[in-house]
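Residue numbers (our numbering): 1216 to 1500.
So this is what it looks like as structure tokens:
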């Protein structure tokens, strides 16, 4: 976290009021040299504390209809869906959320007639989109670029240990989506892309839960990880939630029934975010 001092906060406040203010005028307002202001602004930009951009007002350029679109999606396709939507020119914002919906879009369109084709031909055809709900934006009282840094920083809350969950899956999109959903619920997450890496991580970490794919570098690599966990006195008590598409694959006949294996839960892919969280809460609390 970048620590702002009093001068940084003054500079940011004036830039939020007028992003085009000349450095010489800004220096006069905050009572330091122009060179100091220039260095501070450059550092704030380099550290990612502020961005300097031009914001377009949609209604002024003929895009008079704005709407919020709430999406429910399959977890393993969530990242791909978000990236696909972000590439659409109608979409102004793409936000990943927890709760009843997985994604929220803010879209700008020329007319009401454009909304239905956008939803049915552009959004609904993306693989993994399950349901949408739409609300028209009638009026915006405050835009994101109107927000100003509070005068006093929020007092830090006492730190609490968050349960660590290890996600083991060779599908990078699934790992990213699962991490996003779990972190939004307050969990710490580590991800591993194969069984060998997972076993190496488990030599140093003791997670509260392992989310384990079965088919990775080999069709049953996940079972090897499971056996290593159950054979280790330090790890044997960790709950393991298996998440896999193996029962619908060509390897299904080689896979024992979940009841025959020491899993604490088994879920077939694709899995909904809500179901994943339900299983995790049950095993971790």
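Even for Gly, the Cβ is constructed at its ideal location relative to N, Cα and C. The structure presented is a predicted model; accordingly, all values stated were derived computationally and were not measured.
Collapsed DSSP secondary structure at residue 1384 in the structure displayed: Counting from one through the chain shown, the residue named residue 1384 turns up at place 169. Taken through DSSP and simplified to helix, strand or coil, residue 1384 comes out as coil.
Integer Cβ distance of residue 1347 from residue 1339, believed to fall under 8 Å: Counting from 1 along the chain shown, the entry for residue 1347 is found at position 132. Counting from 1 along the chain shown, the entry for residue 1339 is found at position 124. That belief holds up - the Cβ atoms of residue 1347 and residue 1339 are roughly 7 Å apart, short of 8 Å.
Cα-Cα separation, residue 1404 to residue 1496: Numbered from its first residue, the chain shown carries residue 1404 at position 189. Numbered from its first residue, the chain shown carries residue 1496 at position 281. Residue 1404 and residue 1496 have their alpha carbons spaced roughly 14 Å apart.
Start and end residues, alpha helix (DSSP H) containing residue 1489: Taking the first residue of the chain shown as 1, we reach residue 1489 at position 274. For residue 1489, the enclosing alpha helix (DSSP H) begins and ends at 1488 to 1499.
Heavy atom of the ligand ADP within 7 Å of residue 1247 beta-carbon: Here there are no bound small molecules, and the ligand ADP is not part of this structure.
Neighbourhood of residue 1273 by C-beta distance below 8 Å, restricted to the same chain and skipping five residues each side: Here residue 1273 refers to the residue found at position 58 of the chain shown. For residue 1273, where only same-chain residues beyond five positions count, the Cβ hits under 8 Å are 1279, 1281, 1307, 1323.
Three-state secondary structure assigned by DSSP to residue 1233: Counted from its first residue, the chain shown places residue 1233 at position 18. Residue 1233: coil per DSSP, three-state reduction.
From 1262, 1248, 1228, 1234, residue whose alpha carbon lies closest to that of residue 1217: To locate residue 1217, count along the chain shown from 1; it is residue 2. With distances taken between Cα atoms, residue 1217 lies closest to 1262.
Start-end ranges of the alpha helix (DSSP H) lying completely within the stretch 1236 to 1282, minimum 4 residues: Secondary structure remark: continuous alpha helix (DSSP H) runs of at least 4 residues inside the stretch 1236 to 1282, in chain order: 1238 to 1245, 1249 to 1261.
Residue 1396 versus residue 1488 - alpha carbon distance: Counted from its first residue, the chain shown places residue 1396 at position 181. Counted from its first residue, the chain shown places residue 1488 at position 273. Distance between the alpha carbons of residue 1396 and residue 1488: 7 Å.
6 Å CB neighbourhood of residue 1301 in its chain, flanking five on each side removed: Residue mapping note: residue 1301 aligns to position 86 of the chain shown, counting from 1. For residue 1301, where only same-chain residues beyond five positions count, the Cβ hits under 6 Å are 1309.
Check whether residue 1420 and residue 1379 have beta carbons under 8 Å apart: Locating residue 1420 in the chain shown gives position 205, counting from the first residue. Locating residue 1379 in the chain shown gives position 164, counting from the first residue. Less than 8 Å separates the beta-carbon of residue 1420 from that of residue 1379.
Residues near residue 1394 by beta carbon distance below 8 Å, same chain, minus five either side: Within the chain shown, the letter at position 179 stands for residue 1394. Result list for residue 1394: 1382, 1404, 1406, in chain order.
Alpha carbon of residue 1266 to alpha carbon of residue 1462, nearest angstrom: Position 51 of the chain shown holds residue 1266. Position 247 of the chain shown holds residue 1462. Each residue's CA atom was taken as its position, placing residue 1266 and residue 1462 some 48 Å apart.
From 1328, 1318, 1283, 1446, residue whose alpha carbon lies closest to that of residue 1299: If you number the chain shown from 1, residue 1299 lands on position 84. The shortest Cα separation from residue 1299 among 1328, 1318, 1283, 1446 belongs to 1318.
Alpha-carbon to alpha-carbon, residue 1435 and residue 1292: Here residue 1292 corresponds to residue number 77 of the chain shown, with the count starting at 1. Here residue 1435 corresponds to residue number 220 of the chain shown, with the count starting at 1. Looking at the two C-alpha atoms, the distance is approximately 23 Å.
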